[in-house]
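J.: Read top to bottom, the protein sequences are chains U and E. Just add 168 to the spot in the first sequence (first one is 1) and you have our numbering. Just add 168 to the spot in the second sequence (first one is 1) and you have our numbering. Here it is, the structure in full.
There are 2 protein chains.
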Amino acid sequence: MATITTIDGLAQLSFLIYGTLERRAAEHDLSMVQTRVLGVLRDRRPTMNQLAAYLGLDKSSVTGLIDRAERRGLVAREPSPADRRSVLVSLTEPGRALAARVQAAFEADVTEMLARLTPPERAALSAVVTHFVTAHAEATGVDLAAGLLPSP
Amino acid sequence: MATITTIDGLAQLSFLIYGTLERRAAEHDLSMVQTRVLGVLRDRRPTMNQLAAYLGLDKSSVTGLIDRAERRGLVAREPSPADRRSVLVSLTEPGRALAARVQAAFEADVTEMLARLTPPERAALSAVVTHFVTAHAEATGVDLAAGLLPSP
DNA sequence: TATTGTTATACTCTATAACTATA
DNA sequence: TATAGTTATAGAGTATAACAATA
Chain U
169 MATITTIDGL AQLSFLIYGT LERRAAEHDL SMVQTRVLGV LRDRRPTMNQ LAAYLGLDKS
229 SVTGLIDRAE RRGLVAREPS PADRRSVLVS LTEPGRALAA RVQAAFEADV TEMLARLTPP
289 ERAALSAVVT HFVTAHAEAT GVDLAAGLLP SP
Chain E
169 MATITTIDGL AQLSFLIYGT LERRAAEHDL SMVQTRVLGV LRDRRPTMNQ LAAYLGLDKS
229 SVTGLIDRAE RRGLVAREPS PADRRSVLVS LTEPGRALAA RVQAAFEADV TEMLARLTPP
289 ERAALSAVVT HFVTAHAEAT GVDLAAGLLP SP
């Protein structure tokens, strides 16, 4: 029954939540980066270049990522009408459905974890976490926005 | 100024903390898994097999991981006196020093984030996070124990 | 026979550099 | 010339299957 510091607790909490999503994604043969791709595309139809910026990856890495996702039928490439050099990437219906399944399973897991807290604890956690995240967003200028896999 | 749910907030918080560690580790040319290896070895001298269990990886994956860490002088292999099939893995002094530097930088980052909260908020966060993590440990039987990179 | 660790092989993920096609 | 995307190549990380040495 060791006393844990706030920092250790936050680190453990992060690994716990991150690992939960990773496990649920793996159940559907999705890596974390493929899961992020689906998350980014949920409400966007970016070019390959823009997608690389969202993911913080080199464009050559994204070529392979989208190759594999397209081979599985999760995303589609289309030529951009505006610029014949560009390629637009979007989610297919199976891709959208898969993303929804993973997100639902993940949310169920976290809901179950939250159920172990008392209602006042849940309220306190919600308030502090919200402030923590928004304060960080303001301080750094990076808004994580809403959704499973936020992006700048 | 969208309202975020507790689940979204927790997910964002987790990505934020996880990404912070990942960035600090990368500054020292450490991947997350190599960082976990150093963390596990901080207070253990396991066999390859035991290390694989701590990391949740196949033993063949750990062979390559330790090959690369050993090549960098961060860890050392020794024959086990107890069983001539076994190999004991331990941190070298440079490995220990590197792990300490990464941990210190990470803790400084999180401390800075926590400084954006009020003292009562910090106290509330600490209490709830501790309960969250310990409640999960009790419910699942997995004790994350102390330290930067907890293991079963 | 069973276990420990390594090797062989295959695939994902990542980056750098060079290339093609457009702008 | 500059930009968008792909290809070539190299290396880390992962797993499965086969193997050698030891128990």
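All residues carry an ideal CB built from backbone N, CA and C; glycine is no exception.
Considering only their Cβ atoms, is the gap separating arginine 192(E) from valine 274(E) smaller than 7 Å?
T.: In the second sequence, the residue the question calls residue 274(E) occupies position 106. In the second sequence, the residue the question calls residue 192(E) occupies position 24. The identity of residue 274(E) in the sequence shown is phenylalanine, whereas the question assumes valine. It is a contact, given that the beta carbons lie within the stated cut-off.
J.: Looking only at C-alpha atoms, which of Arg284(U), Val296(U), Ala267(U), Arg290(U) sits nearest to leucine 189(U)?
T.: Position 21 of the first sequence holds residue 189(U). Selected option, being the one with the closest Cα: Ala267(U).
J.: Which ranges does the beta strand (DSSP E) cover as unbroken runs of at least 3 residues, wholly within the segment 210 to 279 of chain U, from first to last along the chain?
T.: 243 to 247, 255 to 259
J.: Looking at chain U, is there any beta carbon in it that lies within less than 7 Å of the beta carbon of valine 208(E)?
T.: On the second sequence, position 40 is the one that residue 208(E) refers to. Valine 208(E) does not count as touching chain U.
J.: Thinking arginine 213(E) and leucine 256(E) are a contact (beta carbons under 8 Å), I'd like their distance in whole angstroms, please.
T.: The residue you call residue 213(E) lines up with position 45 of the second sequence. The residue you call residue 256(E) lines up with position 88 of the second sequence. Their Cβ separation, rounded to whole angstroms, is 5 Å, which keeps arginine 213(E) and leucine 256(E) in contact under 8 Å.
J.: Just the Cα atoms here: how many angstroms apart are alanine 283(E) and alanine 244(U)?
T.: By 1-based counting over the second sequence, the position of residue 283(E) is 115. By 1-based counting over the first sequence, the position of residue 244(U) is 76. Each residue's alpha carbon lies about 44 Å from the other.
J.: Give me the Cβ distance between leucine 233(U) and valine 270(U), rounded to the nearest whole Å; I'm assuming they're in contact under 8 Å.
T.: On the first sequence, position 65 is the one that residue 233(U) refers to. On the first sequence, position 102 is the one that residue 270(U) refers to. By a beta-carbon distance limit of 8 Å, leucine 233(U) does not contact valine 270(U). Their separation comes to about 17 Å.
J.: Between which two residues does the alpha helix (DSSP H) carrying histidine 304(E) extend?
T.: Position 136 of the second sequence holds residue 304(E). 287 to 308 is the span of the alpha helix (DSSP H), which, as asked, contains histidine 304(E).
J.: In chain order, what residues of the same chain have a beta carbon less than 7 Å from the beta carbon of glutamate 238(E), not counting five sequence neighbours either side?
T.: Taking the first residue of the second sequence as position 1, residue 238(E) is located at position 70. Counting only Cβ-Cβ distances below 7 Å, and skipping sequence neighbours, we find Ala244, Arg245.
J.: Rounded to the nearest angstrom, how far is the Cβ of leucine 181(U) from that of serine 182(E), given a contact under 8 Å?
T.: For the purposes of this step, residue 181(U) is identified with residue 13 of the first sequence, where counting begins at 1. For the purposes of this step, residue 182(E) is identified with residue 14 of the second sequence, where counting begins at 1. So it is a contact: roughly 7 Å between Cβ atoms.
J.: Quick one: which chain U residues come within Cβ less than 8 Å of tyrosine 186(E)?
T.: In the second sequence, residue 186(E) corresponds to position 18, counting from 1. In chain order: Ser182, Phe183, Tyr186.
J.: Express the C-alpha separation of alanine 291(E) and aspartate 197(U) in angstroms, rounding to a whole number.
T.: Indexing the first sequence from 1 puts residue 197(U) at position 29. Indexing the second sequence from 1 puts residue 291(E) at position 123. Cα to Cα, aspartate 197(U) sits roughly 40 Å from alanine 291(E).
J.: Return the CA-CA distance between glutamate 195(E) and proline 288(U), expressed in angstroms with no decimal places.
T.: The count along the second sequence starts at 1 and reaches residue 195(E) at position 27. The count along the first sequence starts at 1 and reaches residue 288(U) at position 120. CA-to-CA, the gap between glutamate 195(E) and proline 288(U) works out to about 40 Å.
J.: How big is the Cα-Cα spacing for threonine 298(E) and isoleucine 172(U)?
T.: For the purposes of this step, residue 298(E) is taken as the residue at position 130 of the second sequence. For the purposes of this step, residue 172(U) is taken as the residue at position 4 of the first sequence. C-alpha separation (whole angstroms): 7 Å.
J.: Using the Cα positions of leucine 259(U) and valine 310(E), report the straight-line distance between them to the nearest angstrom.
T.: Working through the first sequence from its first residue, we reach residue 259(U) at position 91. Working through the second sequence from its first residue, we reach residue 310(E) at position 142. So the alpha carbons of these two residues sit roughly 37 Å apart.
J.: Going along chain E in order, which residues have a C-beta closer than 7 Å to the C-beta of phenylalanine 294(U)?
T.: Counting from 1 along the first sequence, the entry for residue 294(U) is found at position 126. At residue 294(U) the sequence reads serine, which differs from the phenylalanine that was named. Per Cβ cutoff of 7 Å: Thr174, Gly177.
J.: Taking Cβ to Cβ, would you say isoleucine 185(U) is nearer than 7 Å to valine 278(E)?
T.: Residue mapping note: residue 185(U) aligns to position 17 of the first sequence, counting from 1. Residue mapping note: residue 278(E) aligns to position 110 of the second sequence, counting from 1. Their beta carbons are not under 7 Å apart, which means isoleucine 185(U) does not touch valine 278(E) by this criterion.
J.: Using 10 angstroms around the beta-carbon of proline 320(U), count the other beta-carbons present and answer buried if the total reaches 16, otherwise exposed.
T.: Here the question's residue 320(U) lines up with position 152 in the first sequence. Low local confidence applies: a pLDDT of 34 at proline 320(U) is under 50, so the model's placement there is unreliable, and no value is given.
J.: Of all Cβ atoms in chain U, is any one closer than 7 Å to the Cβ of valine 297(E)?
T.: Reading the second sequence from its first residue, position 129 is the one you call residue 297(E). Valine 297(E) counts as touching chain U.
J.: Between valine 324(E) and chain U, is there a C-beta pair that is closer than 7 Å?
T.: With chain E covering 169 to 320 only, the question about residue 324(E) has no answer from this structure.
J.: As a quick exercise: from Gly241(E), Arg252(E), Met281(E), pick the residue whose alpha carbon is nearest that of alanine 179(U).
T.: As a working mapping, residue 179(U) is identified with position 11 in the first sequence. Per the Cα distances, Met281(E).
J.: What do you reckon, are the CB atoms on leucine 223(E) and valine 296(U) nearer than 7 Å?
T.: Translated into positions along the second sequence, residue 223(E) becomes position 55. Translated into positions along the first sequence, residue 296(U) becomes position 128. Against a cut-off of 7 Å, the Cβ pair of valine 296(U) and leucine 223(E) comes out as no contact.
J.: Taking the continuous alpha helix (DSSP H) assigned at serine 182(E), which residues delimit it?
T.: Counted from its first residue, the second sequence places residue 182(E) at position 14. Element bounds for serine 182(E): 174 to 195.
J.: For threonine 203(E), which of helix, strand or coil comes out of DSSP?
T.: The count along the second sequence starts at 1 and reaches residue 203(E) at position 35. Reduced to three states, the DSSP call for threonine 203(E) is helix.
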